[in-house]
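Asks:
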Amino acid sequence: SQQGEEDPQALSIQEGENATMNCSYKTSINNLQWYRQNSGRGLVHLILIRSNEREKHSGRLRVTLDTSKKSSSLLITASRAADTASYFCATVKTSGSRLTFGEGTQLTVNP
Amino acid sequence: EAGVAQSPRYKIIEKRQSVAFWCNPISGHATLYWYQQILGQGPKLLIQFQNNGVVDDSQLPKDRFSAERLKGVDSTLKIQPAKLEDSAVYLCASSLEQDAIFSYEQYFGPGTRLTVT
Numbered sequence: 001s002q003q004g005e006e007d008p009q010a011l012s013i014q015e016g017e018n019a020t021m022n023c024s025y026k027t028s029i030n031n032l033q034w035y036r037q038n039s040g041r042g043l044v045h046l047i048l049i050r051s052n053e054r055e056k057h058s059g060r061l062r063v064t065l066d067t068s069k070k071s072s073s074l075l076i077t078a079s080r081a082a083d084t085a086s087y088f089c090a091t092v093k094t095s096g097s098r099l100t101f102g103e104g105t106q107l108t109v110n111p
Numbered sequence: 112e113a114g115v116a117q118s119p120r121y122k123i124i125e126k127r128q129s130v131a132f133w134c135n136p137i138s139g140h141a142t143l144y145w146y147q148q149i150l151g152q153g154p155k156l157l158i159q160f161q162n163n164g165v166v167d168d169s170q171l172p173k174d175r176f177s178a179e180r181l182k183g184v185d186s187t188l189k190i191q192p193a194k195l196e197d198s199a200v201y202l203c204a205s206s207l208e209q210d211a212i213f214s215y216e217q218y219f220g221p222g223t224r225l226t227v228t
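These protein sequences, in sequence, are chains A and B. Counting in my numbering, the first sequence tops out at residue 111, every number present. Counting in my numbering, the second sequence tops out at residue 228, every number present.
Right under this line is the structure:
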């Protein structure tokens, strides 16, 4: 079964707006990662946040992690049409090394 | 740096036929993964290799799926015989190494889109 659940399933915004996607998971983790998948292509790693970290930035991306609520959020600021893609969170459990993906959020940025 | 290579990109077969996919990871990456991604879902790990040894194949349907990684470099994934529900994108990924605690980021290939009719 999938470990992570993304919310919302789909998000449509205008260029320049911020996009926020959420991920919830069920068990304790070592780290949580966010990936992007453009239509018909493989996944691209965006950012990794470890269980002892609360916030991380990378360019226009900001990721937060709340281990007490077992949730994470990905914020994309000043969105661009090129950000249109599916975004997946993936977790690594403390008990093993498997990367388990959620169902993804489909983001559409309208020009 | 060359990325993860996969072939073929597309494959259409009839049910009960067999099919094989090939993957060449990034040079120097010890860990190789095969994922199955059904339309509208996230990728699901099928098998993970560390060099040429299997680390995790708990979600591989072993009655019909097999994979090998000879010489610890490239890998093949085979389905025999295929079923309709095997229609999916098969993704290969590699990572530099995996220590005891944290997983490093994974680099994905473009995938092979399999349609079983």
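Heads up, the beta-carbon is just placed ideally off N, CA and C, and yes, glycines get one too.
#1: So is ASN162(B) buried or exposed if we call it buried at 16+ other beta carbons inside 10 Å?
#2: Which residues of the stretch 42-56 of chain A have a Cβ closer than 8 Å to any Cβ of chain B? Give them in chain order.
#3: Tell me, please, which residues DSSP counts as bridged to ILE13(A).
#4: Can ILE29(A) and THR94(A) be called in contact, C-beta distance under 9 Å?
#5: Who are the neighbours of LEU156(B) on chain A, taking C-beta pairs under 8 Å?
#6: Measuring only the C-alpha atoms, how far is ALA19(A) from LEU11(A)?
#7: Contact between the stretch 121-135 of chain B and the stretch 49-69 of chain A: three or more CB pairs below 8 Å?
#8: Run through chain D and tell me which residues come within less than 9 Å of GLU17(A), C-beta to C-beta.
#9: Leaving out five residues before and five after LYS182(B) in sequence, what residues of the same chain have Cβ atoms less than 8 Å from its Cβ?
#10: Using a Cβ cut-off of 9 Å (strictly closer), state whether TYR35(A) contacts chain B.
#11: Find the nearest neighbour of GLU196(B) within the set ASP185(B), PHE132(B), THR226(B), judged by alpha-carbon distance.
#12: Quick check on DSSP: helix, strand or coil for ASP167(B)?
#13: With a threshold of 9 Å between beta-carbons, can GLY59(A) be considered close to chain B, or not?
#14: Pick out the complete beta strand (DSSP E) segments inside the stretch 123-193 of chain B, 3 residues or longer, and give them in chain order.
#15: Within a Cβ cutoff of 6 Å, which residues of the same chain sit near GLN106(A), ignoring the five residues on either side of it in sequence?
#16: Of the choices GLN191(B), PRO136(B), TYR121(B), PRO192(B), whose alpha-carbon is the least far from that of PHE160(B)?
#17: Name the one or two DSSP bridge partners that GLU55(A) has.
#18: Between ALA204(B) and TYR144(B), what straight-line distance do the alpha-carbon atoms span, to the nearest angstrom?
#19: Could you tell me the boundaries of the beta strand (DSSP E) in which THR228(B) lies?
#20: Kindly list the residues whose CB is nearer than 6 Å to the CB of VAL44(A), restricted to its own chain and excluding five residues on each side of it in sequence; keep chain order.
#21: From this set, GLN14(A), ASP7(A), ILE49(A), GLU6(A), which residue's C-alpha is nearest ASN110(A)'s C-alpha?
Replies: In brief:
#1: exposed
#2: GLY42, LEU43, VAL44, HIS45, LEU48, ARG50
#3: VAL109(A)
#4: Against a cut-off of 9 Å, the Cβ pair of THR94(A) and ILE29(A) comes out as a contact.
#5: ARG98, LEU99, THR100
#6: 8 Å
#7: no
#8: Of the protein chains in this structure, namely A and B, none is chain D.
#9: ASN163
#10: Yes, contact with chain B.
#11: Nearest C-alpha to GLU196(B): THR226(B).
#12: strand
#13: no
#14: Scanning the stretch 123-193 of chain B for uninterrupted beta strand (DSSP E) segments of 3 residues or longer gives 130-135, 142-148, 155-161, 164-167, 176-179, 186-190, listed from N- to C-terminal end.
#15: ALA10, SER86
#16: PRO136(B)
#17: BP columns for GLU55(A) point to THR64(A).
#18: Cα-Cα distance, rounded: 5 Å.
#19: Segment: none, THR228(B) is in no beta strand (DSSP E) and carries neither H nor E.
#20: ARG36
#21: GLN14(A)
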